[in-house]
Structure formats: C-alpha cells, structure tokens
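Taking it in order: structure first as structure tokens, then the write-up.
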Amino acid sequence: MPAPRTTPRHDVTPAVVNGERALVVAPEIAEHYPPAVREGLARRRLVQAGGRCPCGARMVLPNRAERRKAARTGEMLRATAAHDDERASTAVDTPGGRQAMAGHR
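Position in the sequence shown (first residue = 1) + 54 = the working numbering.
Now the structure itself:
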C-alpha cells in the first residue's frame, strides 16, 4: 500500500519586493523533509521575498504592462530564478496584484 500523500502547508510572510509591500506565500519547511529539500525550500523562500540566492540568482520580474494586467485581472504571473549550473532553475506561480507577490513574474 503506497504512503498517503499530504499537501504541504504554506506560510504567509510580509515582505518588501521591488519596493512594494507584498505577501509571500511559500511552502513550510518541515523537519521530516530530507535535508536537500529543506535547503531548496529555504533558498526559494529567500528569492521569493526579493532576496538573492547564495549562488547569486535573483527573481526575474515581468515588465510593467504584465504586472498591471495581472493586477487588473487577478491572473497568475510566472516568476523565475536562474541559478548557477549546480542548481536547477526554479519557477514560482504567484497571484497578480499588489496584495500578493506584487511585481513577481
């Protein structure tokens, strides 16, 4: 019998991203996760909150027209961070608008 699947819990953290107030929604970092997964989630949270990954990667932001359209329609924007060759690129789906992840792609 396969192990039951669980949905990860998420934390909501206030942040300033691209000079604007935002709420960052990210998966919690549970103690039972393998060390590599915990490290990956910690780096992802750092980049999502407008910081820089230890490898130097930053989130790529959309242009102003895309951000305004997302704020107007409430659609999701795609955020990416290009990490060095030792790490895979990450992609983060975030809701548009100023209330959540303003300015992220």
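Think of the CB as a built atom: it goes at the ideal place given N, C-alpha and C, for glycine as much as any other residue.
Take Val-66 and list the residues in its own chain whose beta-carbon comes closer than 8 Å to its own, dropping the five residues that flank it on each side.
Around Val-66: Leu-77, Val-78, Val-79.
Apart from the five residues just before and just after His-64, which ones in its own chain have a Cβ nearer than 7 Å to its Cβ?
So the qualifying residues of the chain are Val-79, Ala-80, Pro-81, Glu-82.
Where Glu-85 sits in the DSSP three-state scheme:
DSSP places Glu-85 outside both helix and strand once states are collapsed to three, so it counts as coil.
For Arg-75, which beta-bridge partners are listed by DSSP?
For Arg-75, the beta-bridge partners assigned by DSSP are Val-70.
Sorted by chain position, which residues of the same chain lie with C-beta nearer than 8 Å to Pro-108's C-beta, five sequence neighbours on each side aside?
Result list for Pro-108: Arg-97, in chain order.
Let me make sure I understand the geometry here. Which of Arg-92, Tyr-87, Gly-104, Asn-117 has the alpha-carbon closest to that of Glu-74?
Considering only alpha carbons, the answer is Gly-104.
Using the rule of at least 16 other Cβ atoms within 10 Å of the residue's Cβ for burial, across every protein chain shown, is Gly-157 buried or exposed?
For Gly-157, the pLDDT reaches just 32, beneath the cut-off of 50, and the residue's location in the model is therefore unreliable, although a value from the coordinates is still provided. Burial call: buried.
Specify the secondary structure class of Ala-125 as computed by DSSP and reduced to three states.
If DSSP states are grouped into helix, strand and coil, Ala-125 belongs with the helices.
What does DSSP give as the partner residues of Val-114 in its beta bridges?
Per DSSP, Thr-134.
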